[in-house]
Amino acid sequence: MHLTMSLLLGVNIDHVATLRQARYAGALDLPHAEPNPLEAGHDAHAGGADSLTLHVRGDRRHMQDADAFRVRSEIPLPLNFEMGVTEEMVRIALALKPDFACLVPESRMEITTEGGLDVLNGLDPIRIVVARLQDAGIKVSLFVDPDLRHIDAAVKSRADMIELHTGAFANAQGDAVESELARLITAAIAGHAAGLQVNAGHGIHYTNLSQILTVPHLTELNIGHSIVSRAIRVGMTAAVREMKDFMAPYSG
Ligand code: PXP
Numbered sequence: 000m001h002l003t004m005s006l007l008l009g010v011n012i013d014h015v016a017t018l019r020q021a022r023y024a025g026a027l028d029l030p031h032a033e034p035n036p037l038e039a040g041h042d043a044h045a046g047g048a049d050s051l052t053l054h055v056r057g058d059r060r061h062m063q064d065a066d067a068f069r070v071r072s073e074i075p076l077p078l079n080f081e082m083g084v085t086e087e088m089v090r091i092a093l094a095l096k097p098d099f100a101c102l103v104p105e106s107r108m109e110i111t112t113e114g115g116l117d118v119l120n121g122l123d124p125i126r127i128v129v130a131r132l133q134d135a136g137i138k139v140s141l142f143v144d145p146d147l148r149h150i151d152a153a154v155k156s157r158a159d160m161i162e163l164h165t166g167a168f169a170n171a172q173g174d175a176v177e178s179e180l181a182r183l184i185t186a187a188i189a190g191h192a193a194g195l196q197v198n199a200g201h202g203i204h205y206t207n208l209s210q211i212l213t214v215p216h217l218t219e220l221n222i223g224h225s226i227v228s229r230a231i232r233v234g235m236t237a238a239v240r241e242m243k244d245f246m247a248p249y250s251g
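Letter 91 of the sequence shown, counting from 1, is numbered 90 in numbering that gives the first Met the number 0, and no numbers are missing.
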């Protein structure tokens, strides 16, 4: 019997906090410091989100530490913690105990030309962080460009998963759209063949999603900006439900 798993949706709620910080960065204790990422997380849950993603950045530009801990303790969904490869973030992750951690670049040194984590040049520190997180029971993902060299390096890091950076595809125009899609397909096949769980994210929206659904072997999509934007018009629960409905035809 051939069982097909449905494609999972991780909803990134960072930009709810971006909007709150725009007005209340210096006054988060005010009871009306809004919008509230915790409420957005509950609404995403109601809309069928399979997990929540949040990123506490070194500069705290959107999510704050307290947001992460409240979401973790109050929302019964798997949590994916995006984090830079820093000692500060490892300590937060070990205290937060998310289900998953996704290592992402924050400093210029860590960023490849296209924007994924530079696993090739950062393999040693990345491998150490992967092991520390895994020892705490956290599954680890690396946010990588669809580039076979970085996927090979991800295998060497002993990460559990990769998240393919779909930003170059999302920004492509004309003939470049098909070539970027082809790169994602090649990378997904290679990652899957190497035994990695393959996720994808960045710049996916309700329109380009149909092309992303042609990429094989995907387990989860992480989508933030387009869902939070749509939520302004229809509410978070409906925005998530719509995205899940659009993802439903995926056949792997
Ligand atoms: N995946 C990763 C690793 C991210 O850093 C982000 C946020 O930039 C996303 C997915 C979601 O991207 P977007 O907000 O464009 O949907």
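The C-beta atom is built at its ideal place from N, Cα and C for all residues, glycine as well.
Since the structure is predicted, the reported quantities are computational estimates derived from the model, not experimental observations.
Could you check where the alpha helix (DSSP H) with residue i kicks off and where it finishes?
{"i": "His-41", "result": "36 to 45"}
{"i": "Ile-91", "result": "86 to 95"}
{"i": "Gln-20", "result": "13 to 23"}
{"i": "Val-129", "result": "122 to 134"}
{"i": "His-191", "result": "174 to 192"}
{"i": "Ala-100", "result": "No alpha helix (DSSP H) holds Ala-100; the beta strand (DSSP E) holding it covers 99 to 102."}
{"i": "Asn-170", "result": "166 to 170"}
{"i": "Val-239", "result": "235 to 246"}
{"i": "Glu-105", "result": "Per DSSP, Glu-105 belongs to no alpha helix (DSSP H) and is neither H nor E."}
Tell me the rounded alpha-carbon separation between residue i and residue j.
{"i": "Arg-229", "j": "Met-235", "result": "8 Å"}
{"i": "His-1", "j": "Gly-251", "result": "Residue placement at His-1 is poorly supported in this model, since its pLDDT is 49, which falls under 50; the coordinates still yield a value, given next. C-alpha separation (whole angstroms): 12 Å."}
{"i": "Met-246", "j": "Phe-80", "result": "23 Å"}
{"i": "Thr-17", "j": "Ala-39", "result": "13 Å"}
{"i": "Met-242", "j": "Arg-59", "result": "28 Å"}
{"i": "Ala-94", "j": "Glu-87", "result": "11 Å"}
{"i": "Leu-122", "j": "Thr-218", "result": "24 Å"}
{"i": "Arg-271", "j": "Asp-174", "result": "One cannot answer for residue 271 here, as it falls past the ends of the chain, which runs 0 to 251."}
{"i": "Ala-153", "j": "Leu-141", "result": "7 Å"}
{"i": "Ser-225", "j": "Thr-85", "result": "28 Å"}
{"i": "Gly-202", "j": "Val-103", "result": "15 Å"}
{"i": "Leu-37", "j": "Val-15", "result": "9 Å"}
{"i": "Asp-98", "j": "Gly-25", "result": "31 Å"}
{"i": "Pro-34", "j": "Glu-73", "result": "17 Å"}
{"i": "Glu-188", "j": "Pro-215", "result": "According to the sequence provided, residue 188 is Ile. The question's Glu does not apply to it. Spanning the two alpha carbons is a distance of roughly 7 Å."}
{"i": "Leu-27", "j": "Ala-67", "result": "14 Å"}
{"i": "Asp-244", "j": "Val-176", "result": "24 Å"}
{"i": "Met-108", "j": "Gln-63", "result": "24 Å"}
{"i": "His-41", "j": "Leu-8", "result": "15 Å"}
{"i": "Tyr-23", "j": "Arg-157", "result": "40 Å"}
{"i": "Gly-57", "j": "Pro-30", "result": "25 Å"}
Is it the case that the Cβ atoms of residue i and residue j are separated by a distance below 7 Å?
{"i": "Ile-110", "j": "Val-118", "result": "no"}
{"i": "Ala-48", "j": "Val-10", "result": "yes"}
{"i": "Tyr-249", "j": "Leu-6", "result": "yes"}
{"i": "Glu-105", "j": "Gly-83", "result": "yes"}
{"i": "Thr-52", "j": "Asn-221", "result": "yes"}
{"i": "Pro-75", "j": "Ser-50", "result": "no"}
{"i": "Val-89", "j": "Val-128", "result": "yes"}
{"i": "Gly-46", "j": "Val-239", "result": "yes"}
{"i": "Met-160", "j": "Gln-196", "result": "yes"}
{"i": "His-61", "j": "Asp-13", "result": "yes"}
{"i": "Val-139", "j": "Ala-193", "result": "no"}
{"i": "Gly-223", "j": "Glu-162", "result": "no"}
{"i": "Ile-150", "j": "Gly-190", "result": "yes"}
Between which two residues does the beta strand (DSSP E) harbouring residue i extend?
{"i": "Gln-196", "result": "196 to 200"}
{"i": "Ile-150", "result": "It is not in any beta strand (DSSP E) - Ile-150 instead sits in the alpha helix (DSSP H) that spans 147 to 156."}
{"i": "Leu-51", "result": "50 to 54"}
{"i": "Ile-211", "result": "Where Ile-211 is concerned, there is no enclosing beta strand (DSSP E), although the alpha helix (DSSP H) it sits in stretches over 208 to 211."}
{"i": "Val-143", "result": "138 to 143"}
Measure from the C-beta of residue i to each C-beta in chain D and report whether the shortest distance is under 7 Å.
{"i": "Leu-8", "result": "No chain D appears in the structure shown, which is made up of a single protein chain."}
Do the stretch 141 to 159 and the stretch 184 to 196 make contact, defined as three or more Cβ pairs closer than 8 Å?
-> yes
Using 8 Å as the Cβ pair cut-off and three pairs as the minimum, do the stretch 159 to 177 and the stretch 206 to 213 touch?
-> yes
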